[in-house]
Every structure is written in C-alpha cells, then in structure tokens.
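Worksheet: the structure to be examined is printed underneath.
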Amino acid sequence: MCAKAIIFLLSLVLFIIVSQGHPESRIVGGFAVNSVRHPYMASLRYRRNVLDGSGYLHECAGVIYSERAIVTAAQCLWGLSEGSKLMAVVGAQTRNGTDGMIYPISQWSYHPNFDYYTADYDIGVVVLAMPMDLAGHEVRAIGIRTERPGVGRNAIAAGWGYREEGGPSSYWLEQVHVPIVSVEKCGEVYGANQITERMICAGDLTEGGRDACQGDTGGPLVIDEQLVGLVSWGRGCARIGYPTVYTYVSSLKDWIDETLAAINEL
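Reading the sequence shown from the start, the letters are residues -21 to -1, 1 to 245 in mature numbering (1 follows the signal peptide of the UniProt record, and there is no 0).
Structure below.
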C-alpha cells in the first residue's frame, strides 16, 4: 500500500474517533419559526461606536412587557455608558435584517443587587421612546407565570443566538424545547450556593444538544404562552449534564413594576 493511502486511512480513522468522542453542541432540537409564534420577542441592538459609522447589531434578546417596556437580562445593560445607543426591534424574523419594527430606547435600568459574577438578580428593563402597537397578532406583550413549573415540564426557549457553542449565530428566529431541571440537581452541577431562588434551570442533561446559547441572553423561557425565565448563564451550550440557568422572572416582578412606575413619574 502506498504512503498516501496509509496516511489517508489513518486520517479517516482519527476523524471518526474524534467525531464520536466529541459530539457537536448544536441545538439539535431547535428549528426556525415564524415570528408570530413568539410575538413578545424583541431583538436588542447596540451601536457601540458612534464615531466609526458602524450600524446597530443584535447582542441580546428581550421580552415585551407593556407598550413601552421590554424586560431583559441585567448583564445586557451592565456597564453601558450614558452615551450608548440602543434600539429594540420587534416582530422581526431575522437577526440583523431590515424586517420588524424599530423603536429607539430612551431609558434602561437593571436591578441594583445584580452581581455580574454570580448573575444573581439578572434582570433589567428598557423603556422605549414611543409606545408599541400591541393590538395586532404580530407584536404583543406576554404575561408572567406565577407558579414555578414542575421538574421535567417542557418549556420553550427562543432567540437568534449561536446554533452551536462558539457560533455561528442563527440568521432566523429559532425555538427549542427544554425540560425544567430541579433546583437541587442544578445545584449539584454548579454548586448549591450558586443557584438562588431568583433562578430556574432547564436543559436536557442526558443527551444535551438542546439549549439556548450566546446571543439568546435576555430571551424568554416560556410555558403555555407565559413567561417563566430569561436566558442568563450556563457552562457552554447544550453540553451533556449542564443545564442553562434562567432568571426566574416571577420572583422579581415586583421590582419590574416598581421600577417602571418610578420611571413613569419622572
């Protein structure tokens, strides 16, 4: 057998071994959906450098709470300067496309107890410069589920984030079904002190491959058309044995309402 043939066969065997030993963390259970399936979705787009003429790019997701308010993760707002430029795009099918309706963001706030390193109290609100029209079926607000869902209950996460760990991002809005994981199990994985009552976990621990990822942060975890959580943190994306941790929105609803009431009084 010639040297080239031997090298080819060895390379093929090595490829098969590596492929079987390190499966991709692709969102296998995810699929593209029409934006009307998630009319409460918002794409938060940032213009980081006004001077270089660059446009607005999607960095986080959010969820429509009222005519002028969108809830998102605090980490999406943490560290922003007063001169930062943000806008919300609702009713959008694509990540950075021209579809959807654009609303400038006039104010934002995140929970004063937010800890960037532990991601506790990971919630914030952005206020639009003008109200959205929520009368149609393409764009509308979502209610918050007050009852903590049971372990194993299927939930839906949606967004425009990475389709596998490290990228690339999805151009189209996608959704994925993920089961709720117990607080105890989540604590075993990440450490009991890391999982607080303001968090809820979801993911396929046995097979992996179904998850939210970078770019989905601040996006919804939904059950029965009610908001349960916001994408917050986790270890990698869709890894076996590692659930995603979501902000448990019901536990922080009072802060949302108090913050919006205070802003409206300004």
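Here a beta-carbon is modelled for each residue, glycine too, at the ideal position from N, C-alpha and C.
Everything numeric in this text was worked out from a predicted model, so none of it was measured.
- The DSSP-derived three-state label of Gly197 is coil.
- If only uninterrupted beta strand (DSSP E) runs of at least 3 residues are considered, those enclosed by the segment 103 to 140 are 103 to 107 and 133 to 138.
- When beta bridges are read from the DSSP output, Tyr225 appears opposite Ile179 and Val210.
- When C-alpha distances from Cys180 are compared across Gly103, Val105, Tyr150 and Val130, the shortest belongs to Val130.
- Rounded to whole angstroms, the gap between the alpha carbons of Ile242 and Gly138 is 28 angstroms.
- Note that the segment 16 to 25 does not touch the segment 165 to 173; fewer than 3 beta-carbon pairs, one per stretch, sit closer than 8 angstroms.
- Judged by DSSP in its simplified three-state form, Arg16 adopts helix.
- When the Cα atoms are used, Gly208 and Thr226 turn out to be separated by approximately 5 angstroms.
- If the five residues before and after Lys64 are omitted, its C-beta is found closer than 6 angstroms to the C-beta atoms of Arg26, all from its own chain and listed in chain order.
- For Glu163, there is no enclosing beta strand (DSSP E); the residue is found in the alpha helix (DSSP H) stretching over Val162 to Tyr169.
- Around the beta-carbon of Ile219, fewer than 16 other beta-carbon atoms lie within 10 Å, marking it exposed.
- The DSSP-derived three-state label of Trp151 is strand.
- Under the 10 Å beta carbon count, Pro110 is surrounded by fewer than 16 other beta carbons and is classified as exposed.
- In the structure shown, Trp234 adopts helical secondary structure according to DSSP, grouped into three states.
- The residue among Gly34, Gly76, His37 and Tyr95 with its C-alpha nearest the C-alpha of Gly58 is Tyr95.
- Counting C-beta pairs closer than 8 angstroms gives fewer than three between the segment 100 to 107 and the segment 149 to 161, which falls short of the contact rule.
- In this structure, Pro128 places its C-beta atom within 9 angstroms of the C-beta atom of Ile159.
- Under the 10 Å beta carbon count, Ser211 is surrounded by 16 or more other beta carbons and is classified as buried.
- Distances from the CA of Gly115 to each of Gly70, Ala134 and Ile81 were compared; the closest alpha carbon is that of Gly70.
- The three-state secondary structure of Cys39, taken from DSSP, is strand.
- Sequence-distant partners of Gly187 (beyond 5 residues in either direction) whose C-beta falls short of 6 angstroms from its own C-beta, in its chain, are Ala217, Arg218 and Ile219.
- Contact check for His37 and Asn75: beta-carbon distance about 5 angstroms, within the 8 angstroms limit, so the pair qualifies.
- Per DSSP, the beta-bridge partners of His156 are Ile135.
- Beta-bridge pairing by DSSP links Phe10 to Gln154.
- Assignment of Gln173 by DSSP, reduced to helix, strand and coil, places it in the helix class.
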